[in-house]
Amino acid sequence: MHQEIQGKSIARWMEEYPIMKEIAHLKETAWINPGKMPFEKAMQNCPLTMADVQDASHRLDRFADYFKVAFPETQATGGILESPLKAIPHMKACLEEDFGCAIPGDLFIKLDSHLPISGSIKARGGIYEVLYVAEKIALELGLLKAGDSYEVFHSQKFRDALSRYSIAVGSTGNLGLSIGIMSAKLGFRVTVHMSADARQWKKDMLRSKGVTVVEYESDYSIAVAQGRAQAQNDPYCHFVDDENSQTLFMGYAVAALRLRRQLEDAGIRVDDRHPLFVYLPCGVGGGPGGVAFGLKQVFGDSVHCFFAEPTHSCCMLLGMATGLNSAISVQDIGIDNRTVADGLAVGRASGFVGGLMAPFMSGCYSLEDGRMYRMLAQLADTEGLKLEPSALAGMYGPVLMANDPVLCAYPIPRENAVHLVWATGGSMVPPEEMRAYYAAGKNLLD
Ligand SMILES: *Cc1c(COP(=O)(O)O)cnc(C)c1O
Numbered sequence: 001m002h003q004e005i006q007g008k009s010i011a012r013w014m015e016e017y018p019i020m021k022e023i024a025h026l027k028e029t030a031w032i033n034p035g036k037m038p039f040e041k042a043m044q045n046c047p048l049t050m051a052d053v054q055d056a057s058h059r060l061d062r063f064a065d066y067f068k069v070a071f072p073e074t075q076a077t078g079g080i081l082e083s084p085l086k087a088i089p090h091m092k093a094c095l096e097e098d099f100g101c102a103i104p105g106d107l108f109i110k111l112d113s114h115l116p117i118s119g120s121i122k123a124r125g126g127i128y129e130v131l132y133v134a135e136k137i138a139l140e141l142g143l144l145k146a147g148d149s150y151e152v153f154h155s156q157k158f159r160d161a162l163s164r165y166s167i168a169v170g171s172t173g174n175l176g177l178s179i180g181i182m183s184a185k186l187g188f189r190v191t192v193h194m195s196a197d198a199r200q201w202k203k204d205m206l207r208s209k210g211v212t213v214v215e216y217e218s219d220y221s222i223a224v225a226q227g228r229a230q231a232q233n234d235p236y237c238h239f240v241d242d243e244n245s246q247t248l249f250m251g252y253a254v255a256a257l258r259l260r261r262q263l264e265d266a267g268i269r270v271d272d273r274h275p276l277f278v279y280l281p282c283g284v285g286g287g288p289g290g291v292a293f294g295l296k297q298v299f300g301d302s303v304h305c306f307f308a309e310p311t312h313s314c315c316m317l318l319g320m321a322t323g324l325n326s327a328i329s330v331q332d333i334g335i336d337n338r339t340v341a342d343g344l345a346v347g348r349a350s351g352f353v354g355g356l357m358a359p360f361m362s363g364c365y366s367l368e369d370g371r372m373y374r375m376l377a378q379l380a381d382t383e384g385l386k387l388e389p390s391a392l393a394g395m396y397g398p399v400l401m402a403n404d405p406v407l408c409a410y411p412i413p414r415e416n417a418v419h420l421v422w423a424t425g426g427s428m429v430p431p432e433e434m435r436a437y438y439a440a441g442k443n444l445l446d
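Numbering (our numbering), first residue to last: 1 to 446.
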């Protein structure tokens, strides 16, 4: 660790930011963002707005006719990919008993784990970016006119046209699954560069759908860099840049418009007297950052968003707390980026997201893998919901808001709080793999 970052040694950074020492020692760490601004003020320097979220939402609406024919399982929701919002009172009671604390307010879960097509939050941004590219090409080729039903994308003519183009992406697994399935269905040639964390079943599933999977021994950053390099010299190849893509980000942000409807329909109020606290598992940051951005556009100062990460991969916490964003990685301070939460196994956060979201986020926290396993088993037992480990990172947030000295001090009263845990993946995990996760959690609870 003799390396310097922005002209200072790591030791010097640690003196200035003692929180870095906690992080380096793999301690569970919580951080409140001192740079958070009132919403109106934060928007003054923000290049993206609600209009961008609306634009993405309209694009997804245009593709609804396509989804109804290409993925019949989406017919029930009119070709819109959306996940349920659910109250989880039994899990709340379980957490209160386990941690011996009362959690003021109500506890809900957003089941992106059950999104159609790819069973994770990546079905938002990943699929959206592929649709964005397909629409652009179809318009450029003159295949599509304003007002046409997008059902035509499910035709041999369109698939043949798109087969001259390719899509590439680097992923820890779930993004690859979303991009791969969607691209192959539309007729694109598609290559997914998978990091060492990616589960075998995800690679197998993609190959079964005609996707080219390239495997790496190294972690996510390398898989992304390789994918980017291979796409660079090919004008017919679109690289989905998980670290920098605004398109991806906007696909995630649309979730907020949908959630507003769901909360209204359920009679759940969100206003300054009924604050909404949202806990988002964070890898590179695009998914949770995009969702948080959308939520801020919809609910302004009434929503409070937190990123949740494994202690071994807390790159966003590290980047935001030091202000270094993507200029620092967990490896720079001696952390290995190894976690059971494969969807969160990212050592260097997106600089784009870290920078853009700096005035909007309420804070970050890290938690140990063992907690994710435990809560995985508890959620299955109390609510019958089976999620992958990554998706449980948010579940610790409501507990920390009630019993952690740092987060307790967050200056918003909680007695009417709505706590929303964003469950980011799990419904497509093969049963035998899920049984192993559950057994590991049960083992820790005994
Ligand atoms: C990708 C992923 C996340 C985090 O999304 P990022 O955009 O990488 O921050 C969280 N949970 C699961 C299950 C994921 O697959």
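Every residue, glycine too, gets a C-beta built ideally from N, C-alpha and C.
- The three-state secondary structure of isoleucine 109, taken from DSSP, is strand.
- Pairing leucine 206 with glycine 227 gives a Cβ-Cβ distance that is not under 8 angstroms.
- Under the three-state reduction of DSSP output, phenylalanine 299 falls in the helix class.
- Glutamate 15 is classed as exposed because its beta carbon has fewer than 16 other beta carbons within 10 Å across all chains shown.
- Take serine 390, set aside five residues on each side of it, and the residues of its chain with a beta-carbon closer than 7 angstroms to its own are Pro281, Ala341, Asp342, Gly343, Leu344, Thr424 and Gly425, in chain order.
- Look at leucine 280 here: in three-state DSSP terms it is strand.
- Relative to ligand 1, the nearest heavy atom lies less than 7 angstroms away from the CB of serine 390.
- Around the beta carbon of proline 411, a 10 Å sphere encloses fewer than 16 other beta carbons of the protein chains shown; the residue is thus reported as exposed.
- Residues of the same chain with a CB within less than 8 angstroms of the CB of serine 163, apart from the 5 flanking positions on each side, are Gly187, Phe188 and Arg189 in chain order.
- Between glycine 251 and glycine 125 the beta-carbon gap is near 4 angstroms, inside 8 angstroms, which marks them as a contact.
- Between the region 66-74 and the region 109-121, the count of C-beta pairs closer than 8 angstroms reaches three or more; the two stretches touch.
- Nearest in C-alpha terms to leucine 60, of all of Pro72, Gly78 and Cys46, is Gly78.
- Taken through DSSP and simplified to helix, strand or coil, isoleucine 179 comes out as helix.
- Shown here, alanine 423 sits in a strand according to DSSP, grouped into three states.
- If you look at cysteine 364, you'll find it in the beta strand (DSSP E) that goes 363-367.
- By the criterion of a C-beta distance shorter than 6 angstroms, methionine 428 is surrounded in its chain by Gly119, once the five residues flanking it on both sides are discounted.
- Counting along the chain, no beta strand (DSSP E) covers valine 270, and no H or E run does either.
- Taking every protein chain shown into account, the CB of glutamine 297 has 16 or more other CB atoms within 10 angstroms, so this residue is buried.
- Going by C-alpha positions, arginine 260 is about 42 angstroms away from asparagine 233.
- Under the Cβ criterion (8 angstroms, minimum of three pairs), the region 347-357 does not count as touching the region 11-25.
- Counting other Cβ atoms within 10 Å of its Cβ, leucine 139 stays below 16 and is therefore classed as exposed.
- Residue pairing from DSSP places proline 310 in a beta bridge opposite Leu367.
- Proline 411 has its CB no nearer than 7 angstroms to any heavy atom of ligand 1.
- When only Cα atoms are considered, phenylalanine 307 and glutamate 433 end up about 26 angstroms apart.
- The Cβ atoms of leucine 81 and isoleucine 121 do not sit closer than 8 angstroms to each other.
- Counting of Cβ neighbours within 10 angstroms places leucine 95 among the buried residues, the total reaching 16 or more.
- Taking phenylalanine 293 as reference, the option from Lys41, Leu48, Ile32 and Gln3 with the minimal CA-CA separation is Leu48.
- Looking at the backbone, the Cα of histidine 90 and that of asparagine 403 are separated by about 19 angstroms.
- In this structure, the CA atom of methionine 20 is about 34 angstroms from the CA atom of alanine 93.
- Assigned with DSSP and collapsed to three states, phenylalanine 63 falls in coil, not helix or strand.
- A Cβ-Cβ separation of about 45 angstroms leaves tryptophan 201 out of contact with proline 38 under the 8 angstroms criterion.
- For a cut-off of 8 angstroms, the C-beta gap from glycine 170 to aspartate 242 is around 7 angstroms, short enough to register as a contact.
- The DSSP-derived three-state label of histidine 25 is coil.
- Set against 7 angstroms, the gap from the CB of valine 169 to the closest heavy atom of ligand 1 is not smaller.
- Distance between alanine 417 and histidine 274, taken at the CA atoms: about 5 angstroms.
- As for any alpha helix (DSSP H) of minimum length 4 sitting wholly inside the region 120-173, the runs are 122-140 and 156-162, ordered along the chain.
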